Structure formats: structure tokens, C-alpha cells
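When the count follows our numbering, it moves up by one through the sequence shown with no breaks and lands on 343 for the last residue. Idealized CB from N, CA, C, for every residue including glycine. Bear in mind that the values here come from a model prediction, so they are computed numbers and not experimental data. Let me begin by presenting the structure, written as C-alpha cells, before commenting on it.
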Amino acid sequence: MSTPERVDQHDGRAFDEWYDVFSVAADDGRQYPVGWAREELRVSMTRDDAYWAREIWAVRDEAGAIAGAMQVDVPLADNTFRLGAVIGVRADVRRRGYGRALGQLLDQRAAELDRSVLVSQVEVPIEAAGPTAGQAFATSLGFAAANFEVHRVLELPLADAVLDGLAAEAAERHSAYELRSWRDRCPDDLVDAFAALQSMFVLEAPQGELEVEAERWDEARIRQAEAQNAAQARHSWTTVAVAPDGTLAGHTELVRSEHDAGKVFQWGTLVAPAHRGHRLGLGLKARNHRELQHDHPEPLVVHTWNGEQNTAMNAVNAQLGFRPVERHEEWQKFLGERTLAEH
Ligand SMILES: CC(C)(COP(=O)(O)OP(=O)(O)OC[C@H]1O[C@@H](n2cnc3c(N)ncnc32)[C@H](O)[C@@H]1OP(=O)(O)O)[C@@H](O)C(=O)NCCC(=O)NCCS
């Protein structure tokens, strides 16, 4: 086994060699593999980004081929005590210590980058009984499960009459709110309020035992995210609810990439606490799916992830017809003795 090496993500061939191993290993065994498409990940790895630094690492077998691959995500603008990582090892060389070598390297990078909380995701088949390889591996590295979500899917298109019926049912209770939708670029008159909603999102969505602080969003960050989406050939459909006083009460966002045919991803949905109880969650989602279907009437599968304890969101998703396909667990490891309060 080689010593883990940093891969230069700006070197196209080196990135491709790394991606070929990483994408297959990380999506291994999943009924609905949803790892990022090659070009989406390449863009996020190579574009200047003021909010995230990204690293990729590899460990090689005796023949010099990549055996294990790791992606490391370093938040720069908020949550700067955290470090995110995903490790994947080629199926034919598992249980030989490649994963552990990358895990040890991760601890070292965390110390070098002055990070004290490591986070990773483990995808678990919905019917898995005992610990899976991913869970056993994360445990062996000293991680503990901290947040439990369910990955659900919905086949589109839904009949327009179904979406219109759900929208009408919701509208009975949110007639005081105006729904506005856009594609790709947030209108200038809403961008500050939209940034405020995004800043609220992480703390309002259930996070279990995860150590996490609010993200800091402003117009510059919204515009950078939109520019990155464009570079990744992603398109977004967003619907917001404008309250009677002109503030934003909630939003929902669907995203698809031209590099990832057939899939749509549900990004954030949030109704601000002061505006809950008006069926805005259902109203926003029914409208937004209608907007998407207007542009894309072809068959697509929508993917969404929600905390198991998020009963309101799960009830809305059930009304739309989402069904569970996978458990998505967020695992966490503390390094040293520091706590969030000390950051
Ligand atoms: C999880 C994964 C990365 C492990 O890679 P690996 O190179 O086989 O792991 P290692 O050989 O370094 O194993 C380290 C320890 O993890 C545990 N472990 C790993 N795989 C295991 C398995 N299938 N069953 C039980 N324990 C396991 C063991 O404690 C092992 O130590 P041991 O072999 O001395 O008993 C690999 O199975 C994989 O790529 N899975 C798909 C992607 C994934 O789930 N990634 C985890 C999210 S970051």
C-alpha cells in the first residue's frame, strides 16, 4: 500500500482516474446511486470558491492503481471547526486497510487545518438489519452516528390535476401569502430576504446530535452559488412565499443538472417558524413541482432527504407520493477536547 497522496484536481487526467474509483466505490450497492456526476464534481473541485476548499486524496495498491479515494470538504465562511469527508474503497480490495489509511490521513488533515469535528455520511439500505460495512468502518474510525435521515424518491410527472388539487387544498389556508417562482436566478428585489432564509435553514432543519452553526448567506454568496450552478449545467426552480408585510415566509428549491439525466434533487424547503401552520410547505412544493414539470414534462425521479423526526415535512412529502428507498446517516467524530462553545 502506498502512503495516501493528494491528487491535483486541476489535472484533468488525475481527477478522472480518482473519480473512476471514488464514484463507483461511494455509490456501491445503492439502489438509487446519486453521487455527483463527473463534470459537476470537477467544477466544484476546480472553481474558485470563497466558501469551501476541496481536496481529493488517493491511496494506491501494489500495482500502482488507486485502491481508495477520499473527498475532503473544508468550510471556510462558517462552521470552520468542521471538516467533511467521504471515503470509498474499490470493492475488490476491501478489508485490507486502505480505508483506515485514508481515515488516519483525515485526522492529520483536521489537525493541520485546525478542525475539531469530522463529519461523514453513511448510506444504508432501507432493509439492512445488522451494521453495514460503512457503519462498521465509521465506528472503527471513532465516528458516532449523529443524525438520521431518510432518502425518498418520487417519479414524475405527476398529473397536473393532482398538483393543482394539492395546491388548492393548501391555498385555502395561505391566501394571505403570495407565491413567487423563478428559475436559476433569484430576482434582485428578493435576494436579501432569500439570503436571510438560507441563513436560517441549517438551524431550523432537524440536525440531531450534529455540531453545526448557522451558515452565513448574503447576496454575494447567493450569486456565487448561482454562478457555480451554471458552470455545473445545473438548473434550479425556486418558489417562495411572500408574507403580507413583504418579508419572506418560506421557500423550496428543485435542482437538476444536464450532466445527470433523469434526476432532480430537492434542495432546501423552509417555512419560517412565525409562518407555520398555513400549509405553506405543501403549497410551495405543489407549485414548484408544477413549475418544474412545465419545463420538463418527461419522466424524472425526484430525490429528497429528511430527518426522520421532521414530521411536518415528511407528511407533505407523503401527500406528494414520495416513498423511502434508503437511510442516510450523518456520522461525527470529535478531535481533542474542544466543544462548539470554544470556537
Ligand atoms: C467502508 C469502506 C470505505 C471501508 O474500506 P476498507 O478499505 O475495506 O476498510 P479497512 O480495511 O480499512 O477497514 C478498517 C476497519 O473498518 C471495519 N470494517 C470495514 N469494513 C467492514 C465490514 N465489511 N464489516 C465489518 N467491519 C468492517 C473493521 O473494523 C476494519 O478493521 P479490521 O479489518 O482490522 O477488522 C468500503 O467498504 C467502501 O468503500 N464502502 C462503500 C462506501 C462507504 O460506505 N463509505 C463509508 C462512508 S465515508
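- DSSP places Ala-69 outside any alpha helix (DSSP H); the residue lies instead in the beta strand (DSSP E), whose first and last residues are 66 to 75.
- Separation of Gln-71 and Arg-173 (C-alpha to C-alpha, rounded to the nearest whole angstrom) is 45 angstroms.
- Between the stretch 139 to 151 and the stretch 258 to 277 there are fewer than three C-beta pairs closer than 8 angstroms, too few to call the two in contact.
- Within 7 angstroms of the C-beta of Phe-137 there is at least one heavy atom belonging to ligand 1.
- In the displayed model, Pro-131 falls within coil according to three-state DSSP, outside both helix and strand.
- Taking the CA atoms as reference points, Ala-176 sits about 7 angstroms from Ala-243.
- As the crow flies, the alpha-carbon of Leu-210 is around 9 angstroms from that of Val-117.
- According to the DSSP secondary-structure assignment, Asn-310 is paired through a beta bridge with no residue.
- Cα atoms of Glu-215 and Val-202: separation of roughly 7 angstroms, rounded to the nearest angstrom.
- Between Ala-205 and Gly-307, the CB-CB gap stays under 8 angstroms.
- When secondary structure is reduced to three states using DSSP, Ser-140 falls in the helix class.
- The beta-carbon separation of His-259 and Glu-17, rounded to 19 angstroms, does not stay under the 8 angstroms limit for a contact.
- Judged by DSSP secondary structure, Thr-46 falls within the alpha helix (DSSP H) whose first and last residues are 38 to 46.
- Taking C-alpha positions only, Gly-142 is separated from Leu-105 by approximately 14 angstroms.
- The closest heavy atom of ligand 1 lies less than 7 angstroms from the beta carbon of Ile-87.
- A distance below 8 angstroms separates the beta carbons of Gly-68 and Val-59.
- Nearest to Arg-256 by C-alpha distance, out of Asn-79, Ala-168, Gly-35, is Gly-35.
- Excluding sequence positions up to five before and after Glu-5, its CB lies within less than 8 angstroms of the CB of Trp-57, Ala-58, Val-59, Arg-60, all in the same chain and listed in chain order.
- According to the DSSP assignment, Trp-18 belongs to the alpha helix (DSSP H) that extends over 12 to 26.
- Counting C-beta atoms within 10 angstroms of its own C-beta, Ile-87 has 16 or more neighbours from the protein chains shown and is therefore classed as buried.
- Leu-76 places its beta carbon 8 angstroms or farther from that of Ala-110.
- Under the DSSP definition of a beta bridge, Gln-332 partners with Val-119, Ala-144.
- Take the alpha-carbon of Ala-167 and the one of Trp-182: they are about 17 angstroms apart.
- Here Ile-56 carries a strand assignment [DSSP, helix/strand/coil].
- Cα atoms of Gly-12 and Pro-33: separation of roughly 24 angstroms, rounded to the nearest angstrom.
- Val-316 has its alpha-carbon roughly 6 angstroms from the corresponding atom of Leu-282.
- Remark: the shortest separation between the CB of Ala-53 and any heavy atom of ligand 1 does not fall under 7 angstroms.
- Closest in alpha carbon position to Arg-290, among Leu-156, Val-43, Arg-90, is Leu-156.
- No Cβ-Cβ contact shorter than 8 angstroms links Ala-170 with Ala-26.
- Within the same chain, Cβ atoms closer than 6 angstroms to the Cβ of Gly-208 are found at Ala-146, Asn-147, the five residues on either side in sequence being excluded.
- Within the DSSP bridge table, the entry for Val-264 names Val-302 as partners.
- C-alpha of Trp-305 to C-alpha of Arg-279: approximately 20 angstroms in a straight line.
- Note that the C-beta distance between Leu-284 and Gly-321 is not below 8 angstroms.
- Annotated as distal: Arg-54 and Phe-15, with beta-carbon spacing of 8 angstroms or more.
- With respect to Met-1, Gly-97 sits close: the two C-beta atoms are nearer than 8 angstroms.
- By the beta-carbon neighbour count (other beta carbons within 10 angstroms, threshold 16), Arg-90 is buried.
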